[in-house]
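**Student:** Residue numbers (the working numbering): 324 to 813.
Yeah, the Cβ is synthetic: ideal placement off N, Cα and C, and Gly gets one too.
All values reported here derive from a predicted model rather than from experimental measurement.
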Amino acid sequence: RKSKERMRANAFKRVAFLVVGFVVLLALLQAAEASPTRFVGNNRIRVVAESEEQWELVQSIDAIIDHQSRMDLLEVVLYATDQQKQFLVEKGLKVEDATEVIEDENPEFSTRSNADDYTSSTYWKTHHNYDALTKFLENINRDFPTITDLISVGQTVQGRQLWVLEISNNPGVREEGEPFFKYIGNMHGDEVVGREMLMHLIYELCSQYVAKTEDIVKLVDNTHIFIMPSMNPDGYELRKRENARGIDLNRDFPDQFEEYDHAPQPESQALMQWSLGQHFVLSANMHGGSVVANYPYDGNAQMRSGVYSKSPDDDVFKAIATTFASANPTMRASKEFPGGITNGAQWYILYGGMQDWNYLYTHSDMEITVELSNTKWPTASTLPNYWNDNRQSLINYMKYVHNGVKGKVDCDGHDTYDVSIIVKGREDAPYVTVDPNGWYFRLLEPGTYTLIASCNTGSSAYLKQLPPFTLTAQKPSTILDINFTSSDKF
Numbered sequence: 324r325k326s327k328e329r330m331r332a333n334a335f336k337r338v339a340f341l342v343v344g345f346v347v348l349l350a351l352l353q354a355a356e357a358s359p360t361r362f363v364g365n366n367r368i369r370v371v372a373e374s375e376e377q378w379e380l381v382q383s384i385d386a387i388i389d390h391q392s393r394m395d396l397l398e399v400v401l402y403a404t405d406q407q408k409q410f411l412v413e414k415g416l417k418v419e420d421a422t423e424v425i426e427d428e429n430p431e432f433s434t435r436s437n438a439d440d441y442t443s444s445t446y447w448k449t450h451h452n453y454d455a456l457t458k459f460l461e462n463i464n465r466d467f468p469t470i471t472d473l474i475s476v477g478q479t480v481q482g483r484q485l486w487v488l489e490i491s492n493n494p495g496v497r498e499e500g501e502p503f504f505k506y507i508g509n510m511h512g513d514e515v516v517g518r519e520m521l522m523h524l525i526y527e528l529c530s531q532y533v534a535k536t537e538d539i540v541k542l543v544d545n546t547h548i549f550i551m552p553s554m555n556p557d558g559y560e561l562r563k564r565e566n567a568r569g570i571d572l573n574r575d576f577p578d579q580f581e582e583y584d585h586a587p588q589p590e591s592q593a594l595m596q597w598s599l600g601q602h603f604v605l606s607a608n609m610h611g612g613s614v615v616a617n618y619p620y621d622g623n624a625q626m627r628s629g630v631y632s633k634s635p636d637d638d639v640f641k642a643i644a645t646t647f648a649s650a651n652p653t654m655r656a657s658k659e660f661p662g663g664i665t666n667g668a669q670w671y672i673l674y675g676g677m678q679d680w681n682y683l684y685t686h687s688d689m690e691i692t693v694e695l696s697n698t699k700w701p702t703a704s705t706l707p708n709y710w711n712d713n714r715q716s717l718i719n720y721m722k723y724v725h726n727g728v729k730g731k732v733d734c735d736g737h738d739t740y741d742v743s744i745i746v747k748g749r750e751d752a753p754y755v756t757v758d759p760n761g762w763y764f765r766l767l768e769p770g771t772y773t774l775i776a777s778c779n780t781g782s783s784a785y786l787k788q789l790p791p792f793t794l795t796a797q798k799p800s801t802i803l804d805i806n807f808t809s810s811d812k813f
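1. Please name the residue or residues paired with N760 in a DSSP beta bridge.
2. Going by other Cβ atoms of all chains shown within 10 Å of its Cβ, with 16 needed for buried, is F813 buried or exposed?
3. Suppose the cutoff is 8 Å on Cβ atoms and the five residues either side in sequence are ignored; what does the same chain contact list for W762 look like?
4. For a test of the three-state rule: what should DSSP assign to R369, helix, strand or coil?
5. Start and end of the alpha helix (DSSP H) containing Q715?
6. With distances taken Cα to Cα, identify the nearest neighbour of Q579 among P753, H737 and A776.
7. Can you tell me whether S782 is helix, strand or coil according to DSSP?
8. Taking the alpha-carbon of A386 as reference, which of T685, L397 and L411 has the nearest alpha-carbon?
9. Taking S649 as the reference, give the member of Y631, R714 and N708 with the closest Cα.
10. CB-CB under 7 Å to F660, same chain, minus the five flanking residues each way: which ones, in chain order?
11. Quick one: Cα of D454 to Cα of M522, how far?
12. Enumerated in chain order, which unbroken segments of the beta strand (DSSP E) with a length of 3 residues or greater are wholly contained in the segment 595-620?
13. How about Q391 and Y671: are their beta carbons less than 8 Å apart?
14. For G517, does the three-state DSSP call read helix, strand or coil?
15. Residue range of the alpha helix (DSSP H) that A455 falls in?
16. Any idea what DSSP makes of E428, helix, strand or coil?
17. Evaluate S809 with the Cβ neighbour count: other Cβ atoms within 10 Å of its Cβ, from every protein chain shown; 16 or more gives buried, anything less gives exposed.
18. Helix, strand or coil, according to DSSP, for A339 in the structure here?
19. To which residues of the same chain is L352 closer than 7 Å at the C-beta, ignoring the five residues directly before and after it?
20. Might you give, ordered along the chain, the residues of its own chain that have their beta carbon closer than 7 Å to the beta carbon of T646, omitting 5 neighbours on each side?
21. When the Cα atoms are used, what is the spatial distance from Q377 to T665?
22. How far does the beta strand (DSSP E) with V418 in it reach, from first residue to last?
23. Rounded to the nearest angstrom, what separates A372 and L380 at their Cα positions?
24. State the CB to CB distance for the pair L605 and L789, rounded to an integer number of angstroms; the pair is presumed to be in contact (CB under 8 Å).
25. Given a cut-off of 8 Å, decide if L673 and N566 are closer than it, judged by their beta-carbon atoms.
26. Return the CA-CA distance between V742 and G600, expressed in angstroms with no decimal places.
27. Counting C-beta neighbours from all protein chains within 10 Å, is the total for I802 16 or more, i.e. buried, or is it exposed?
28. Given that a residue counts as buried once 16 or more other Cβ atoms are within 10 Å of its Cβ, and exposed if not, what is E582?
29. Please name the residue in L794, V757, I643 and I570 whose C-alpha comes closest to that of S716.
30. Output the distance between the C-alpha atoms of V515 and L561, rounded to the nearest integer angstrom.
31. Using a Cβ-Cβ cutoff of less than 8 Å, which residues in the same chain neighbour K417 once the five nearest sequence positions on both sides are dropped?
32. Measure the C-alpha to C-alpha separation of L794 and A776 and round it to an integer number of angstroms.
33. Identify whether I384 lies in helix, strand or coil by the three-state DSSP scheme.
34. Which of the three DSSP states, helix, strand or coil, is assigned to S491?
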């Protein structure tokens, strides 16, 4: 009898163990479902939330949001799994298919865009696939060898190159006191207007430099400009938002509001390594699906869309976003986004985005996200219209890289040192460091500021407060060198 009781007890333990294990597994799956996702759902749907309660339900499924509007009712376009979509339907929300038709879908797509004559107006009335993009960049580098340098900063999942074209009067050489600027396009594979605009910008800068157009010559002579037309060429060829592994690259970067517990995708890893090694000062990445200049932060501690998430440099980010938006007639006339700009989290939250990572982790680079078109993949014949809308915005934005304060740092004659520079009153902002030539760059709006700089050589530490300086609308930039001496040791 005791043997039977023991058997029953053991059987009960086994059942209890299986039940507990199932509960734990269910909890883990629920936790995984609740955590911010990088995977793109297979259903692009439009959901209308008619109340705050319904909006809470939309946020609870944690799907990747593509676009959100609060003009009247809360309308959101998102990428949902089958289960997420069914959940919203069962809860009584209005759910519609929002699959976007990709124009120019025909058998000739992969070859007809490979013509070489980028000086022809018809060249800019077609979409350019990976082969065409590669040929274009190679031809530009061939035709303008004294002001361009073509490099690859890595490879995609499917082995395509992540091409970058540098434009400068001295490409490949880091010059004293010249800031580094970058544009990134096509981070989402099916958002293609940015890709085409950056290709067109490359041609514009090179051709106008040779034509001796004054403002372009001044810009190129005093700036190192790096342009990556496509960060996600695999996604472009697949005609999908995500990369070849189904990952949204704009959810794949370390973030201040969530734990980074995964290995980055090859494309994201390449961008991070490249950016950390270059000391960029100002950047923008191009997207589609709306028309607005979006600035940090994209996330907030509340994990809730519609809550403004202010960075310590909120005034600078508003200014650089306005610099882009004000020259774009569609953007500046926006009824949805006053002035054509928006704080990321106030629009909708996302975590793992590239713009917040650049600001917080590079200690030099301020970046915004620019949405260039309501239609992600528009008819090719309309591309010149987008260029007309964005040409001046793209150029004006690059010029802003020269605003603020910059200077050369000398750490008591030492060759090797670490420098941190902060703005008094903005101690919560990321400190800036120096480039390999010992120069720092700090973007600022008009006002009076004081810098506090520290230097560590490994054997000695220095601290110095600089005299105040003033920037004005008439003189928005200044040079302030920092020279540490033995009297600054602490």
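**Tutor:** Considering the structure as presented:
1. None; N760 has no bridge partner.
2. Answer is exposed; the Cβ neighbour count stays below 16.
3. Cβ neighbours of W762 beyond the five flanking positions: E499, G500, K729, G730, K731 and V732.
4. If DSSP states are grouped into helix, strand and coil, R369 belongs with the strands.
5. Per DSSP, the continuous alpha helix (DSSP H) segment holding Q715 begins and ends at L706 to K722.
6. Checking every option, the nearest Cα to that of Q579 belongs to P753.
7. DSSP places S782 outside both helix and strand once states are collapsed to three, so it counts as coil.
8. Ranking the options by Cα distance to A386, first place goes to L411.
9. Taking S649 as reference, the option from Y631, R714 and N708 with the minimal CA-CA separation is R714.
10. Excluding positions up to five away in sequence, the list reads V615.
11. Those two C-alpha atoms are separated by around 13 Å.
12. The beta strand (DSSP E) runs of length 3 or more contained entirely in the segment 595-620 are, from start to end of the chain, 603-610 and 613-618.
13. Yes, the pair counts as a contact, with Cβ atoms nearer than the cut-off.
14. Three-state DSSP puts G517 in a helix.
15. Start and end: Y453 to D466.
16. In this prediction, E428 scores a pLDDT of 48, lower than 50, which makes its location untrustworthy; no coordinate-derived value is stated.
17. Answer is exposed; the Cβ neighbour count stays below 16.
18. Residue placement at A339 cannot be trusted, given a pLDDT of 38 that sits under 50; what the coordinates show is reported in the next sentence. If DSSP states are grouped into helix, strand and coil, A339 belongs with the helices.
19. Low per-residue confidence applies at L352: pLDDT is 33, beneath 50, and the placement is therefore not dependable, though the value from the model is reported in the following sentence. Contacts found: none.
20. Excluding sequence neighbours, T646 sits near N719, Y720 and Y723.
21. Whole-angstrom Cα-Cα distance: 24 Å.
22. Element bounds for V418: K417 to D420.
23. Looking at the two C-alpha atoms, the distance is approximately 9 Å.
24. With a Cβ gap of about 22 Å, L605 and L789 do not count as contacting.
25. For N566 and L673, no; Cβs fall outside 8 Å.
26. For V742 and G600, the gap between their C-alpha atoms comes out near 16 Å.
27. Exposed.
28. Around the C-beta of E582, fewer than 16 other C-beta atoms lie within 10 Å, and the residue is accordingly described as exposed.
29. Per the Cα distances, I643.
30. About 12 Å.
31. In its chain, beyond the 5 residues on either side, V370, V371 and E373 have a beta carbon closer than 8 Å to the beta carbon of K417.
32. Within the model, the alpha-carbon separation for L794 versus A776 is close to 19 Å.
33. In the structure shown, I384 adopts coil according to DSSP, grouped into three states.
34. DSSP places S491 in coil when its eight states are reduced to three.
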